[in-house]
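Heads up: the structure comes next, in structure tokens.
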Amino acid sequence: MRVWRAAPPLTPTLSRTREREFWPRCSESISCLAGPAKCGGATDVSRGWFVTGTDTGVGKTLASCALLHALRAAHPRCIGMKPVAAGTDTQGHNEDVLALRAASNVAVPATLDNPVLLAEPLSPHIAAARAGRSIEIKAIVRAYGELASQADAVVVEGAGGFLVPLSPNETGADLAAALGLPVILVVGLRLGCLNHALLTRDAIQARGLRLAGWIANRIDPTMAEQEANLAYLREQLGAPLLADWPWQPGAETRGLRLLQLPD
Ligand SMILES: Nc1ncnc2c1ncn2[C@@H]1O[C@H](COP(=O)(O)OP(=O)(O)OP(=O)(O)O)[C@@H](O)[C@H]1O
Ligand SMILES: [Mg+2]
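The C-terminal position of the sequence shown is numbered 636 in my numbering, with every residue numbered one higher than the one before it.
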């Protein structure tokens, strides 16, 4: 059982020694999920978050990269992971994987930061079936464990929305639960997002996971009553608002400001 020490939000101005004291510690490293052999002990742990969204295309990659940039200010080993990526360019690259690697400050083998790469931009269970492959959550958890053992912080970007199918019987929510990570929810502000946000919050909590925070991403500049929608979510989601980003075409993830880092 994990026993986290209370930790205030990190700030880039905290000295490294002092910050190390605040960095949450647990009786079992997150990487213990991959087996005790990977555990560095109570004083050598990495932190991880699972980034999900109210839908596909709502800003999860943008958020994951912004979080990595913020974490890099205080940590030398921050790694982004895209466990399941569907859709490659003519050179066989997935743009989310490339973006996360560019935002990370440690390079790791593709088998660790992107264990499942599928060519077709489809729901992963369909893309995998069409490629004659199956997506094994256990294998992804093992890859995460190895990654976490090399990192101070790992940001895991889920595919699509929280309940996206990975196989006929498993979803992205099962992967998040197997990883046991706190979840960050990116809400793409557009009509219908209140329902999607509340359903996702409920699905996260139904799996016993903690909603560590959420990000309001104003992806529809024409959306009416944005402030009223935001106010409702602030009231209802029961987790800190980590960022509120305007519609900003061509935004640099490095420049996207977080109001606070997640616990
Ligand atoms: N606030 C914003 N202003 C302008 N463009 C945005 C904003 N947020 C996201 N975008 C753009 O929307 C697109 C989708 O964003 P992003 O790739 O981060 O979404 P995603 O949730 O990771 O998608 P996927 O489900 O494909 O992984 C990108 O082209 C991104 O640059
Ligand atoms: Mg993405």
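From the three backbone atoms N, C-alpha and C, an ideal C-beta is built for every residue, glycine too. Small disclaimer: the values here were computed from a predicted structure and weren't measured.
Bounding residues of the alpha helix (DSSP H) (the contiguous stretch that carries N602): 599 to 609
Among P538, P494, G534, A524, nearest to I508 - alpha-carbon criterion: P538
Between the CA atoms of R574 and L554 - distance to the nearest angstrom: 14 angstroms
Short Cβ contact (8 angstroms threshold) for P456 with I499: no
Own chain, CB closer than 6 angstroms to L485, minus 5 neighbours either side, in chain order: A516, E519, L520
K511 burial status per 10 Å Cβ neighbour count (16 or more: buried): exposed
For L441 and D593, the rounded distance between their alpha carbons: 25 angstroms
Near ligand 2: D469 beta-carbon under 7 angstroms from a heavy atom: yes
Integer-rounded CB distance, given that L567 should sit under 8 angstroms from I588: With a Cβ gap of about 15 angstroms, I588 and L567 do not count as contacting.
Complete runs of the alpha helix (DSSP H) confined to the region 463 to 512 [at least 4 residues]: 468 to 476, 483 to 486, 497 to 503
Sequence-distant residues of the same chain with beta carbon closer than 8 angstroms to A481, five excluded per side: Inspection of the sequence shows that residue 481 is occupied by Val rather than by Ala. Excluding residues within five positions, the ones whose Cβ falls inside 8 angstroms are I452, L520, Q523.
Length of the line joining the Cα atoms of I577 and R583: 7 angstroms
Beta-carbon gap between R549 and V560 smaller than 8 angstroms: Inspection of the sequence shows that residue 549 is occupied by Ala rather than by Arg. Their beta carbons are not under 8 angstroms apart, which means A549 does not touch V560 by this criterion.
From G531, D617, A476, L606, residue whose alpha carbon lies closest to that of V489: G531
Beta carbon shell of ligand 1 at less than 6 angstroms from a heavy atom: G426, T429, G430, V431, G432, K433, T434, L435, D469, G533, N590, R591, I592, W618, W620, Q621, P622, A624
E598 Cβ short of 7 angstroms to ligand 2 heavy atom set: no
Cutoff 7 angstroms; reference P449; Cβ partners in own chain excluding five residues on either side: N478, D525
Residue of E468, R420, L564, A624 minimising C-alpha distance to T595: L564
Cβ-heavy atom distance, N519 to ligand 2, below 7 angstroms: The question names Asn, but residue 519 is Glu in the sequence shown. No, the Cβ of E519 stays beyond 7 angstroms of every heavy atom of ligand 2.
Same chain, Cβ closer than 6 angstroms to G408, five either side skipped, listed in chain order: Residue placement at G408 is flagged as unreliable, the pLDDT there being 31, under the threshold of 50; a coordinate-derived value is accordingly withheld.
Nearest neighbour of V527, chosen from R580, G623, S437, E608 [CA to CA]: S437
Residues near G432 by beta carbon distance below 8 angstroms, same chain, minus five either side: G426, V559, G561, I588, N590, I592, W618
Backbone secondary structure at A550 - three-state DSSP: helix
E530 - partner residues in DSSP beta bridges: V424
Heavy atom of ligand 2 within 7 angstroms of E493 beta-carbon: no
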